[in-house]
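First to last, the protein sequences are chains A and B.
Per my numbering, the first sequence starts with residue 96, numbered consecutively.
Per my numbering, the second sequence starts with residue 96, numbered consecutively.
Down below is the structure, laid out as structure tokens.
Protein chains: 2
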Amino acid sequence: MTIQIYELCGANPERLFSPHCWKVRMAVAHKGLDWETIPTPFTEVATIEGGDTRRIPVIRDGDTVVEESLEIAKYLEATYADAPGLFNGKAAEALTIQIINWSQTALHPEVAKLCLLDIHNSLAPVDQAFFRRSREKMFGCTLEEFSAKHPKNGDGLGRALVPLELTLKTQPFIGGDSPLFADYVVFGALQWLRTSSSADYLNEDTAVYKWFESLLDRYDGMGRKGRVAA
Amino acid sequence: MTIQIYELCGANPERLFSPHCWKVRMAVAHKGLDWETIPTPFTEVATIEGGDTRRIPVIRDGDTVVEESLEIAKYLEATYADAPGLFNGKAAEALTIQIINWSQTALHPEVAKLCLLDIHNSLAPVDQAFFRRSREKMFGCTLEEFSAKHPKNGDGLGRALVPLELTLKTQPFIGGDSPLFADYVVFGALQWLRTSSSADYLNEDTAVYKWFESLLDRYDGMGRKGRVAA
């Protein structure tokens with residue numbers, strides 16, 4: 096059975112940039128499952144699978160539809176319990192929540208500062224209008240003002256990555272000897288940046304860079320295909 | 096067998112303030128073990144148990160001496176495997192490293208800004224001299240300059256606690272339904288502040304406050320006894 100993953104896309108349907116969709120794609124690949132992407136522009140998200148307020152990512156697995164990346168990871172862990180674990184137990188699942196919240200509050204704002212306008216520019220016109228309206232409301236200024244306010248040097252992202260750098264200096268993955276869902280959570284944030292911007296912000300001398308590159312190589316280099324022309 | 100825990104103390108030996116020692120004390124209590132504190136001033140740390148470059152915390156359990164809070168937690172988990180788990184598996188142990196690194200880089204600097212001078216003032220004269228020398232080298236300014244630079248309003252700490260607040264809004268402990276070592280790691284940072292300063296910086300309306308209070312109550316209110324007059 097092939098799992099269908101609804102993923103946010105740009106004007107080019109091969110431009111798949113959502114951090115949350117990448118978490119799910121990596122989790123599905125981790126479980127060794129077959130999958131296919133259904134590229135979905137912003138303005139079609141709400142009505143995925145007969146919904147009216149859907150939020151991406153959404154997957155369909157046979158007759159089952161699951162929404163939201165953590166819920167999908169828990170569904171995969173329970174349903175495909177014999178495949179490699181995404182959490183490996185309730186304790187690690189609980190701790191993953193803290194890592195999700197750290198990633199969302201420490202990394203996501205820094206990524207947004209670097210590529211919010213790039214994301215906008217990669218969308219089809221109807222989605223650009225949606226994105227501009229919703230994000231300008233969120234940030235209280237125009238996308239151009241938001242972008243101008245933040246230098247594009249990656250220093251803020253570097254500072255936010257300090258605790259991860261310390262971790263990856265002592266173990267190859269956040270999950271230890273091999274990646275867990277927590278790794279894909281943080282990978283998603285950095286892949287969001289990589290697929291949205293043509294600039295490279297990770298310092299090649301860091302443990303974070305080496306870890307990220309190793310995750311890009313996994314699953315037949317699946318992550319490397321996520322960076323395409325606008 | 097009673098485990099001896101060497102803990103940093105002030106001029107008053109009942110003033111036990113080290114975040115790392117609190118992690119260990121909570122971990123030993125979590126395992127249901129008997130323990131006693133050996134209050135240890137800064138200038139006696141290096142030579143604990145015949146060492147010459149010891150760092151606190153150190154425990155003695157029968158013939159075994161273990162140093163450093165994470166190493167001690169791992170020792171307790173392996174040695175007292177039938178008692179309640181501090182990690183509950185290798186996956187959670189690996190994820191705990193990331194939470195330790197987050198706590199040390201996001202919370203510890205904010206706590207230091209609030210109470211570095213208070214810690215100094217609580218020490219015996221010979222330890223004050225040691226503390227001043229080592230910390231002024233670390234921060235590149237006098238303790239008084241460091242303290243004057245940072246407002247004592249807790250706003251920075253509040254911002255640093257945002258990811259934890261999100262976590263504790265959805266589950267009672269970082270470890271899920273009950274505390275794990277990861278909880279004691281973060282507890283240690285906040286208990287360091289609580290035992291060093293007479294001010295209360297946690298907002299009572301927060302999930303972090305309720306979680307911290309519940310940990311202070313544990314083990315016969317052990318944590319509540321850590322705040323004493325200078």
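Just so it is clear, CB atoms sit at the ideal spot from N, CA and C, and this is done for glycine as well.
From a predicted model like this one, the values you see are computed outputs, not experimental measurements.
Is the beta carbon of Ile194/A closer than 9 Å to that of Ile133/B? no
DSSP on Gly271/B, reduced to helix/strand/coil? strand
In whole angstroms, what is the alpha-carbon distance linking Glu109/B and Gly318/B? 12 Å
Would you please verify whether the beta carbon of Glu188/A is less than 9 Å from any beta carbon of chain C? Included in the structure are the protein chains A and B, with no chain C among them.
Over what stretch of residues does the alpha helix (DSSP H) that includes Arg289/A continue unbroken? 276-291
Listing by chain order, which chain A residues have their CB less than 7 Å from the CB of Val257/B? Thr200
Taking the straight line between their C-alpha atoms, what separation do you get for Leu128/A and Tyr304/B? 42 Å
According to a CB-to-CB cut-off of less than 7 Å, which residues of the segment 269-291 of chain A neighbour chain B? Ile269, Gly270, Gly271, Leu275, Ala277
Whose Cβ in chain B lies nearer than 7 Å to the Cβ of Trp197/A? Trp197, Pro258
Min CB distance Phe234/A to chain B below 9 Å: no
With DSSP as the reference, label Pro258/B as helix, strand or coil. helix
Chain-order list of residues whose beta-carbon lies under 7 Å from that of Thr148/A (same chain, five-residue window excluded): Ala141
Tell me whether Tyr175/A sits in a helix, a strand or coil according to DSSP, three-state version. coil
Could you tell me the boundaries of the alpha helix (DSSP H) in which Ile192/B lies? 185-197
DSSP three-state label for Cys104/B, please. strand
Cα-Cα separation, Arg321/B to Cys236/B: Residue identity differs from the one stated: residue 321/B is Gly in this sequence, not Arg. So the alpha carbons of these two residues sit roughly 29 Å apart.
For Gly330/A, would you say it is in contact with chain B, using Cβ-to-Cβ distances shorter than 9 Å as the test? Given that chain A is displayed from residue 96 to residue 325, the structure contains no residue 330/A and the question cannot be resolved.
Leu238/B and Phe282/B: beta carbons closer than 9 Å? no
Where does the unbroken beta strand (DSSP E) through Pro136/B begin, and where does it stop? Note, Pro136/B: premise wrong, no beta strand (DSSP E); not H, not E.
Between Thr301/B and chain A, is there a C-beta pair that is closer than 9 Å? no
Just to make sure I have the definition right: I need the residues of chain A whose C-beta is within less than 7 Å of the C-beta of Ile194/B. Which are they? Leu190, Gln193
Of the residues Leu202/B, Lys185/B, Ala187/B, which one's Cα is nearest the Cα of Ser259/B? Per the sequence shown, the amino acid found at residue 259/B is Leu instead of Ser. Comparing Cα-Cα distances from Leu259/B to each of Leu202/B, Lys185/B, Ala187/B, the minimum goes to Leu202/B.
Could you tell me whether any Cβ in chain B is nearer than 9 Å to the Cβ of Leu261/A? yes
Alpha-carbon spacing of Leu211/A relative to His125/A, whole angstroms: 29 Å
DSSP beta-bridge partners for Leu111/A? Cys104/A
Mind checking if Gly180/B is an interface residue toward chain A, Cβ cutoff 9 Å exclusive? yes
Residue-level contact to chain A via CB, Thr174/B, 9 Å cutoff: no
Residues sharing a beta bridge with Arg155/A, DSSP: Gln99/A, Val160/A
Please report whether the beta-carbon of Thr132/B lies at a distance below 9 Å from any beta-carbon of chain A. no
Given a cut-off of 9 Å on the beta-carbon distance, is the pair Ile143/B and Val123/B in contact? no
Beta-carbon contacts of Phe276/A that lie in its chain and below 7 Å, excluding the five residues immediately before and after: Ala122, Ala168, Leu181, Phe182, Thr191
Looking at the unbroken alpha helix (DSSP H) that takes in Glu144/A, where does it start and where does it end? Note, Glu144/A: premise wrong, no alpha helix (DSSP H); not H, not E.
Pair within 9 Å by beta-carbon distance, Pro136/B and Leu261/B: no
Which residues in chain A have a C-beta closer than 9 Å to the C-beta of Gln266/B? List them in chain order. Ala189, Ile192
Using CA atoms only, rank isn't needed, just tell me which of Tyr314/B, Val323/B, Ser242/B, Ser198/B is closest to His115/B. Ser198/B
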